[in-house]
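A.B. asks: Note that the protein sequences, when read in sequence, are chains R and F.
Numbering follows my numbering, with no gaps: position 37 of the first sequence is 37.
Numbering follows my numbering, with no gaps: position 33 of the second sequence is 33.
Think of the CB as a built atom: it goes at the ideal place given N, C-alpha and C, for glycine as much as any other residue.
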Amino acid sequence: GAVVSQHPSRVICKSGTSVKIECRSLDFQATTMFWYRQFPKQSLMLMATSNEGSKATYEQGVEKDKFLINHASLTLSTLTVTSAHPEDSSFYICSAPLAGGLYNEQFFGPGTRLTVL
Amino acid sequence: AQSVTQLGSHVSVSEGALVLLRCNYSSSVPPYLFWYVQYPNQGLQLLLKYTSAATLVKGINGFEAEFKKSETSFHLTKPSAHMSDAAEYFCAAAYSSASKIIFGSGTRLSIRP
């Protein structure tokens, strides 16, 4: 099956710094990628849809200036958490759909655990 | 609004017992439906998917799910639980081939020895 990777898997940073998380589709091209946030023992909450070559689409309540998304190529999307604060600590997961199918099967990355001190 | 509901945030069964995890969707139009499993600190792994080809869908690790339009349900079952099945399970739906996926709240499955 298709593989999606994320880097880093874990990151600890100080409050006020910015953190970049990469999401890569390793063996297929993805014009769209999705970014989710998951709090402990909770479900995945869609944050935004990353579109190659155009602006990301953010879900209601998600600050686009706080969570910067760049879809630089057909295999790479990045999420930058700017001026991170402890409440941004969470598990961030990306996914990419395999284009050309009859249904929206998405392949998920392994996730990135962000801890803001 | 379209939504996915999972009844029971935590289900505990004995090893060897039947596993039943419930999922209902809200839509007059049957969506594409998925079950994912998540182990601690890991991403999501697809267990199975419903794409209107067959109402009974078989997935990996012995799991299967049945789509029932009359009940707007897509419950996940496994005849005999194994200790390795302990994980978080998410039901999800997509309402078109290009739409975002909507996740249920998740059900944590525990297996008693």
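#1: Where do the ends of the beta strand (DSSP E) carrying Lys58/F lie?
#2: Could you list the residues in the segment 99-113 of chain F with a C-beta less than 7 Å from some C-beta on chain R, going in chain order?
#3: From this set, Ser9/F, Val4/F and Val13/F, which residue's C-alpha is nearest Tyr32/F's C-alpha?
#4: By a C-beta neighbour count over all protein chains shown, 10 Å radius and 16 as the cutoff for buried, is Met33/R buried or exposed?
#5: In whole angstroms, what separates the C-alpha of Asn41/F from that of Gly109/R?
#6: Between Thr17/R and the rest of its own chain, which residues show a CB-CB distance below 7 Å, the 5 nearest in sequence each way excluded?
#7: Do Glu52/R and Thr80/R come within 8 Å of each other at the CB atom, strictly closer than that value?
#8: When DSSP builds the beta bridges, which residues end up paired with Val19/R?
#9: Mapping DSSP to helix, strand and coil, what is Glu64/F?
#10: Which term fits Ser14/F, buried or exposed, when burial requires 16 or more other beta carbons within 10 angstroms of its beta carbon?
#11: Evaluate Arg112/F with the Cβ neighbour count: other Cβ atoms within 10 Å of its Cβ, from every protein chain shown; 16 or more gives buried, anything less gives exposed.
#12: Mind checking who Ser5/R pairs with in its DSSP beta bridge?
#13: If distances are taken between C-alpha atoms only, which option among Glu88/F, Ser110/F, Asp85/F and Leu47/F comes closest to Ala65/F?
#14: Which bits of chain F does Phe28/R rub up against, with CB to CB less than 8 Å?
#15: Could you pull the start and end residues of the beta strand (DSSP E) that Thr77/F belongs to?
#16: Would you mind telling me which residues of chain R sit closer than 7 Å to Gly62/F, beta carbon to beta carbon, in chain order?
#17: So which of Glu59/R, Gly111/R, Val11/R and Pro86/R has the shortest CA-CA distance to Ile102/F?
#18: Let me know the secondary structure DSSP gives Ser27/F once reduced to three states.
#19: Considering Cα atoms alone, identify which of Ser105/F, Ser80/F, Thr77/F and Pro79/F is closest to Glu88/F.
#20: Nearest-angstrom Cα distance between Ser99/F and Pro86/R?
#21: Alpha carbon to alpha carbon, how far is Leu74/R from Gln29/R?
C.D. replies: Once the coordinates are examined:
#1: For Lys58/F, the uninterrupted beta strand (DSSP E) segment begins and ends at Leu56 to Lys58.
#2: Residues of the segment 99-113 of chain F with a C-beta atom less than 7 Å from some C-beta of chain R are Ser99, Lys100, Ile101, Phe103, Gly104, Ser105 and Gly106, listed in chain order.
#3: Val4/F
#4: buried
#5: Looking at the two C-alpha atoms, the distance is approximately 11 Å.
#6: Ala84, listed in sequence order.
#7: no
#8: Val81/R
#9: strand
#10: exposed
#11: exposed
#12: Arg24/R
#13: Leu47/F
#14: Simply none; closest approach about 15 Å.
#15: Taken as a continuous stretch (DSSP letters only), the beta strand (DSSP E) holding Thr77/F covers Ser73 to Lys78.
#16: Chain R residues near Gly62/F: none, gap ~19 Å exceeds 7 Å.
#17: Of the listed residues, the one whose Cα sits closest to Ile102/F is Glu59/R.
#18: coil
#19: Ser105/F
#20: 32 Å
#21: 5 Å
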